[in-house]
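Working notes, structure below.
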Amino acid sequence: MADLPQTRRLSTPPAYTAEEEIAHSVSHGLGALLAIGGLAVLAARAAMYGEYLHVVACSMFGMAMLLTYLASAIYHSVPLSLLPTAKDVLRAIDQAFVYVLIAGTYTPFCLLVVEGPLGPTLFIATWTVALTAIAFRVLAPDTHERIALWIYLALGWGALPLMSRLSDGLPREGLWLLIAGGCAYTAGVGFYLQTKMRYHHAIWHLFTLLGSALHYFAVLLYVIPSR
Numbered sequence: 001m002a003d004l005p006q007t008r009r010l011s012t013p014p015a016y017t018a019e020e021e022i023a024h025s026v027s028h029g030l031g032a033l034l035a036i037g038g039l040a041v042l043a044a045r046a047a048m049y050g051e052y053l054h055v056v057a058c059s060m061f062g063m064a065m066l067l068t069y070l071a072s073a074i075y076h077s078v079p080l081s082l083l084p085t086a087k088d089v090l091r092a093i094d095q096a097f098v099y100v101l102i103a104g105t106y107t108p109f110c111l112l113v114v115e116g117p118l119g120p121t122l123f124i125a126t127w128t129v130a131l132t133a134i135a136f137r138v139l140a141p142d143t144h145e146r147i148a149l150w151i152y153l154a155l156g157w158g159a160l161p162l163m164s165r166l167s168d169g170l171p172r173e174g175l176w177l178l179i180a181g182g183c184a185y186t187a188g189v190g191f192y193l194q195t196k197m198r199y200h201h202a203i204w205h206l207f208t209l210l211g212s213a214l215h216y217f218a219v220l221l222y223v224i225p226s227r
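First residue of the sequence shown? That's 1 in full-length UniProt numbering, and the numbers climb one at a time after it.
Next up, the structure:
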């Protein structure tokens, strides 16, 4: 009896060319290296000019960037043809850390910019949603795959109604960097969806690096006290 054709699970890693995967791993590998230096600068500046909470919040943001880009670089560096099971696991980790990056980016703004009880409340809510989404990815990977992009976007722009509260505690330049970073991530989605275009995912990676850089400088220059 002939074997039935196997239907590809939605959560199975897509097949990229070797050259594309090199571009993917190198781009986010570079992001991980930059994040190491960025984390050190954030922590040092926060310790020098801020208080204990500045060090914790900014370190969480920097660590989220580092782990997210490291997870992505490792995932894309593993050949699908040689280690399909490992590739599946690494893809799940890669996608999970996207939520960590989003929540980590929220952290310094929630704890250091938004005044009153709203800031800590938003911090707890964001991390709760992020951890719930990670559990959803583990328990229902195929369903998650269909709507993951929309979850990322909804969580990323979820604080938009609170922009006036952010503007109260953040200089105009910092607010524009924050918005520009979100726009960079969102603009990259257009390339992420162009699955028939070669190197579309690598271009998406460049937009994520730009978004992270803009948010990084918003935190470094306008969230951490200058003196």
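Don't be surprised by glycine CBs; every beta carbon is placed ideally from N, CA and C.
None of the values given here were measured: they were computed from a predicted structure.
Residue i: which of the options sits nearest, CA to CA?
i, options, result
"LEU221", "LEU177, GLY182, ALA184, PHE123", "LEU177"
"PRO225", "LEU153, MET48, SER72, LEU160", "MET48"
"LEU34", "PRO14, GLY50, GLU20, TYR69", "TYR69"
"ILE179", "HIS215, MET197, TYR199", "HIS215"
"ILE102", "TYR199, ALA159, PRO171, SER27", "ALA159"
"VAL55", "MET197, THR107, THR121, ILE151", "THR107"
"LEU82", "ALA15, PHE136, ILE151", "ALA15"
"VAL223", "ALA32, ALA154, LEU42", "LEU42"
"PRO161", "ILE147, LEU122, TYR192", "LEU122"
Could you tell me the distance, in whole angstroms, from the CA atom of residue i to the CA atom of residue j?
i, j, result
"ILE22", "ARG227", "42 Å"
"ARG91", "GLY211", "21 Å"
"LEU149", "LEU209", "17 Å"
"GLY174", "LEU30", "25 Å"
"ARG8", "ALA213", "Per-residue confidence for ARG8 stands at a pLDDT of 40, beneath the threshold of 50, marking its modelled position as unreliable; the derived number appears in the next sentence. About 36 Å."
"ILE74", "THR128", "26 Å"
"HIS24", "ASP88", "16 Å"
"ALA130", "ALA140", "15 Å"
"GLN95", "GLY190", "18 Å"
"TYR52", "GLY169", "19 Å"
"ARG172", "LEU112", "16 Å"
"THR143", "GLY62", "30 Å"
"ALA218", "PRO79", "36 Å"
"GLY181", "VAL138", "28 Å"
"GLY188", "GLY50", "33 Å"
"THR186", "ALA40", "28 Å"
"CYS110", "THR132", "19 Å"
"residue 228", "HIS76", "In the structure displayed, the chain extends from 1 to 227; residue 228 sits before or after that span and is not available."
"GLN194", "GLU19", "17 Å"
"GLY104", "VAL26", "23 Å"
"ALA125", "THR17", "39 Å"
"ARG45", "LEU67", "21 Å"
"PRO184", "VAL98", "Correcting the residue type first, residue 184 is Ala in the shown sequence and not Pro. Taking the straight line from one Cα to the other gives about 15 Å."
"residue 231", "MET197", "In the structure displayed, the chain extends from 1 to 227; residue 231 sits before or after that span and is not available."
"PRO120", "VAL100", "17 Å"
"GLU145", "TYR199", "21 Å"
"ALA135", "TYR152", "14 Å"
"LEU155", "ILE36", "25 Å"
"ILE203", "TYR192", "8 Å"
"ALA32", "ILE147", "27 Å"
"PHE207", "ALA86", "27 Å"
Report back the beta-carbon spacing between residue i and residue j to the nearest angstrom; my notes put them in contact at under 8 Å.
i, j, result
"GLY38", "MET60", "Their Cβ separation, rounded to whole angstroms, is 13 Å, which puts GLY38 and MET60 out of contact at 8 Å."
"HIS28", "HIS205", "6 Å"
"ALA71", "ILE93", "5 Å"
Open item on the list: Does the contact criterion of 3 or more C-beta pairs under 8 Å hold for the region 158–173 versus the region 116–130?
Closed with: yes
- [ ] Go through the region 140–214 residue by residue and report every complete run of the beta strand (DSSP E) that reaches 3 residues or more, in order.
- [x] none
Open item on the list: Just to confirm the assignment: which complete alpha helix (DSSP H) runs, minimum length 4, are found wholly within the region 46–100?
Closed with: 52–77
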